[in-house]
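Reading through the structure tokens given below for one structure.
2 protein chains.
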Amino acid sequence: MSLPQKVTVSEVGPRDGLQIEKTMLPAADKLRLIEALADAGLTRIEATGFVHPKVIPQFADASEVAEALPRRPSVRYAAFIPNRRGAERAVAAGVDDLKCGVAASDTFNRLNVRMDTATGMRSLEEIAEVAAGTPSRVVGVVATAFGCPYEGAVRFEEVDRLFTHLVGLGTDLIYLADTTGMADPSAVKDRVTRLAERHPDTRVGLHLHNTRGLGLANALAGLECGVTDFEGSIGGLGGCPFAPRAVGNICTEDFVHMCHRMGIETGLDLDRLLDAARLAQDLLGRNLPGMVLKAGPADALHDPEGTREKVD
Amino acid sequence: MSLPQKVTVSEVGPRDGLQIEKTMLPAADKLRLIEALADAGLTRIEATGFVHPKVIPQFADASEVAEALPRRPSVRYAAFIPNRRGAERAVAAGVDDLKCGVAASDTFNRLNVRMDTATGMRSLEEIAEVAAGTPSRVVGVVATAFGCPYEGAVRFEEVDRLFTHLVGLGTDLIYLADTTGMADPSAVKDRVTRLAERHPDTRVGLHLHNTRGLGLANALAGLECGVTDFEGSIGGLGGCPFAPRAVGNICTEDFVHMCHRMGIETGLDLDRLLDAARLAQDLLGRNLPGMVLKAGPADALHDPEGTREKVD
């Protein structure tokens, strides 16, 4: 098993995590959460989405949040960008990374952003045009890269076609998104390895969901074939409002805990990530699915005296 | 990645799953669940535990359940056996496999079965003596094989010492139990590989818990180093009453779903496993943590017409 020595974790909780939440968080609370995430050492944080507020009301404050982000030299902030208008707003607000993508399934594209795949690909070109000559850069995503909940299997050739299109727009990091949790470890290894061979100058990242419990197993498969860029959501917050029964991204701190146990560096402080996860729970007023949040890290020992005694 | 073509799943829900439940299930309900598990194709089912009813009241009916098990030629039934007395009762009740073990941590042994490790090892000898010359056989378990919640790290040499002791008692299948979810994929590969090299005539099985979300990642690590015997709990039922904040075993049907997606045969019918998981939920009157139970299998497609439409 050849594992990377170090990985980069991109936190998507404030965007992918919050977009499905019914609780509308005030911008000040979002900024508190983002600050807690930066305090834990995260250097890539997806902070909001520049989508029409009628589509995702949670992001009506996208410009307000983006303009007030706690600026630190080491942190790049990203925002989800569906179209040219979103890109213009994000560039104006000083967003570092314009996260934009297209799904490898026509049906999913039509339901998710009301465009077919071809139109989605042109939209990516427009976003790249807006970014050109500004400090903002494009980071690509190929969604439903391991399967579509409506169409089923997604051909590798289609994923590669969209990946190649994104490479052509000048992005050097493209995430394969398992939008509705249809990937398995073999599929992850197969697709990542083939794409990395075909596009040696582009980093293949993984954006995984835990819909069917396979999130960390799929992440392990990615680590084993050399992936160093992973997205996660603090506390396991999230889901996709337009994907049936989708649950959240892999939980950032659970993934980090796994990496640390395996000797893989993340540059992150697990205790402070857990603080951020608890803050997210407090802000939303509900428990999140993160497991380390409940059980504590594996190296936090228990006092035998405090254990419930057996009766006999 | 070299994966086995076929694995054997041992279901422990009726024992490891139920032992922590506050709801006392009538024997008839336990037998309904066991029958549903056998209907799904499971050939190894841990049905009960022959422990003192004051220690685990849920198993006061151990003999009644064991004697009424739905006998099928292909199914071997196991029971958890803590001592000689339990072994005698299990043999009398016609149990096929006496599941017995010892923890690789003195503190854990003392809290779990009120014996130190040395006494626990002698107890295993007594159980093997009871089984000798009967149709029942011993299946071994080394508990806390990847760490103890009280003592922390557990030395490989100690795990090997107990494993070797069990081999000496004539068992050809020994599970390494990650009793409180302290394993990680690297540790699984390391310990399994070294034990398999040292004990080529004994199968190394894995009994994993999902305490820190690593259950299926650890199972994947096991598959990748050739493990073919895995324990799981239907619906993810379970935990350990004497292990702080331990959550259940890996979920049987989620593990099976992963195997099938990767082309690994299990001989099991996923839909009927899901039926059994739903029955377990009904009997206990609560939701279980299984993920495929909520999301459905990855190959069950959704109707785009039934999807909530975007507003814009």
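The listed protein sequences correspond, in order, to chains P and V. Every letter in the first sequence is one number past the one before it in our numbering, and letter 288, counting from 1, is 288. To convert a position in the second sequence, counted from 1, into our numbering, add 1000. Using N, Cα and C, we set each Cβ at its ideal position, and we do this for glycine too.
Residue i: first and last residue of the uninterrupted beta strand (DSSP E) it sits in
i	result
arginine 44 of chain P	44-49
threonine 8 of chain P	8-11
leucine 97 of chain P	For clarity, residue 97 of chain P is aspartate in the given sequence; the question names leucine instead. First-last of the beta strand (DSSP E) with aspartate 97 of chain P: 97-103.
arginine 983 of chain V	Because chain V is modelled from 1001 through 1312, residue 983 of chain V falls outside the range shown and cannot be assessed.
valine 1141 of chain V	1137-1143
Residues that residue i bridges to, as DSSP identifies them
i	result
cysteine 946 of chain V	The question about residue 946 of chain V has no answer here: the residues shown for chain V are numbered 1001 through 1312.
leucine 208 of chain P	P:Asp178
alanine 1078 of chain V	V:Glu1046, V:Asp1097
asparagine 1249 of chain V	V:His1209
glycine 133 of chain P	Glycine 133 of chain P is not bridged to any residue.
phenylalanine 230 of chain P	P:Val9, P:Leu206
glycine 267 of chain P	Paired residue(s): none; glycine 267 of chain P is not in a bridge.
leucine 1173 of chain V	V:Arg1203
glycine 1152 of chain V	V:Cys1148
Proximity test, Cβ basis, 7 Å: residue i and chain C
i	result
arginine 1261 of chain V	The question asks about chain C, but that chain is absent: this structure's protein chains are P and V.
Buried or exposed by the 16-neighbour rule on C-beta atoms within 10 Å, applied to residue i
i	result
proline 135 of chain P	exposed
glutamate 1067 of chain V	exposed
glutamine 1019 of chain V	buried
asparagine 1287 of chain V	exposed
glutamine 1058 of chain V	buried
serine 10 of chain P	buried
arginine 1044 of chain V	buried
threonine 1023 of chain V	exposed
aspartate 1254 of chain V	buried
glutamate 1046 of chain V	buried
glycine 263 of chain P	exposed
lysine 99 of chain P	buried
proline 149 of chain P	buried
aspartate 172 of chain P	exposed
phenylalanine 1242 of chain V	Here the model assigns phenylalanine 1242 of chain V a pLDDT of 48, short of 50, so the residue's position is not dependable, and the following value carries that caveat. It is buried - the Cβ of phenylalanine 1242 of chain V has at least 16 other Cβ atoms within 10 Å.
glycine 1285 of chain V	exposed
glycine 1133 of chain V	exposed
arginine 1155 of chain V	exposed
glycine 1170 of chain V	exposed
glutamate 315 of chain P	Chain P is shown from 1 up to 312; residue 315 of chain P falls before or after that span and cannot be answered.
arginine 261 of chain P	buried
serine 1063 of chain V	buried
alanine 187 of chain P	buried
proline 53 of chain P	exposed
Residue range of the alpha helix (DSSP H) that includes residue i
i	result
valine 256 of chain P	252-261
alanine 36 of chain P	27-39
leucine 1166 of chain V	1156-1168
glutamate 305 of chain P	Looking at the DSSP string, glutamate 305 of chain P is not in any alpha helix (DSSP H), and its letter there is neither H nor E.
lysine 294 of chain P	292-295
valine 188 of chain P	185-198
serine 1313 of chain V	Since the first residue shown for chain V is 1001 and the last is 1312, residue 1313 of chain V is missing from the structure and cannot be characterised.
asparagine 109 of chain P	106-113
*Any residues in the segment 1097-1108 of chain V with a beta carbon nearer than 9 Å to a beta carbon of chain P? Which ones, in chain order?*
Within the segment 1097-1108 of chain V, the qualifying residues are Thr1107, Phe1108.
Quiz item: Looking at C-beta atoms only, is the number of pairs between the segment 20-35 of chain P and the segment 255-273 of chain P that lie closer than 8 Å three or more?
Solution: Short answer: they don't touch.
query = Mind listing which residues of the segment 200-214 of chain P have their C-beta closer than 8 Å to chain V's C-betas, in chain order?
reply = Asn210, Thr211, Arg212, Gly213, Leu214
Members of the segment 1167-1193 of chain V near chain P, C-beta cut-off 7 Å: For the segment 1167-1193 of chain V, the set of residues with a beta-carbon nearer than 7 Å to any beta-carbon of chain P comprises Gly1181, Met1182, Asp1184, Pro1185, Ser1186, Lys1189, in chain order.
If the cut-off is 8 Å on Cβ atoms, which residues from the segment 1263-1297 of chain V count as contacting chain P, listed in chain order? Gly1263, Gly1290, Met1291, Val1292, Lys1294, Ala1295, Gly1296, Pro1297
Q.
Check whether the segment 1227-1234 of chain V and the segment 175-195 of chain P touch, using three or more Cβ-Cβ pairs below 8 Å as the test.
A. no
Open item on the list: Please identify, using Cβ separations under 9 Å, the residues of the segment 1136-1155 of chain V that lie next to chain P, in order along the chain.
Closed with: Phe1146, Gly1147, Cys1148, Pro1149, Tyr1150, Glu1151, Gly1152, Ala1153
Item to check | Inter-stretch contact (C-beta, 8 Å, three-pair minimum) for the segment 1034-1043 of chain V and the segment 1068-1088 of chain V | outcome: yes
| query | When you check each C-beta in the segment 1219-1230 of chain V against every C-beta of chain P, which residues fall closer than 8 Å? | reply | Per Cβ criterion, the list reads Ala1219, Leu1220, Ala1221, Glu1224.
(request) Note down, in chain order, all residues in the segment 1012-1033 of chain V with a beta-carbon under 8 Å from any beta-carbon belonging to chain P. (result) none
Residues within the segment 1040-1068 of chain V neighbouring chain P, beta-carbon criterion of under 7 Å: His1052, Lys1054, Val1055
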